[in-house]
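In the UniProt record's numbering, the protein residues as written are 1 to 87. Have a look at the structure below, then the notes.
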Amino acid sequence: MKKERDATVERVKKEVTKLKEKEAFAKKLAIEEYKSSDDFQEQIGRLRPDLDIQDLGIDLELAEEGEEDEVEKSEEKGEPNNSPSPQ
């Protein structure tokens, strides 16, 4: 009985991990698509006319490091990790 439960828990953990990875990937694609849209570029152009948005980019490694730091801080505080797993 315990072996079955452990196997089920392990299977569910793997499935949750896969779903979190897919969710993170979908969010990343949605953000990239929006940032390349004309609406986004118009809004940025209105807010910051001096900003060259054609060369604007995000350092993905730096963004991932920031997410990892947030996870570590929340784990130190004893908060559950509800963020999607990094890819």
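Note that the Cβ used here is the ideal one computed from N, Cα and C, for glycine as well.
Would you give the residue range spanned by the alpha helix (DSSP H) that D50 belongs to?
-> Within the sequence shown, numbered from 1, the residue matching residue 50 stands at position 50. Looking at the DSSP string, D50 is not in any alpha helix (DSSP H), and its letter there is neither H nor E.
Please report how far the alpha carbon of I44 lies from the alpha carbon of K18, in whole angstroms.
-> Numbered from its first residue, the sequence shown carries residue 44 at position 44. Numbered from its first residue, the sequence shown carries residue 18 at position 18. About 34 Å.
Own chain residues within Cβ distance below 7 Å of Q87, not counting five before or after = Looking up residue 87 in the sequence shown gives position 87. Because the pLDDT at Q87 is just 49, under 50, the model does not fix this residue reliably, and the point stays unresolved.
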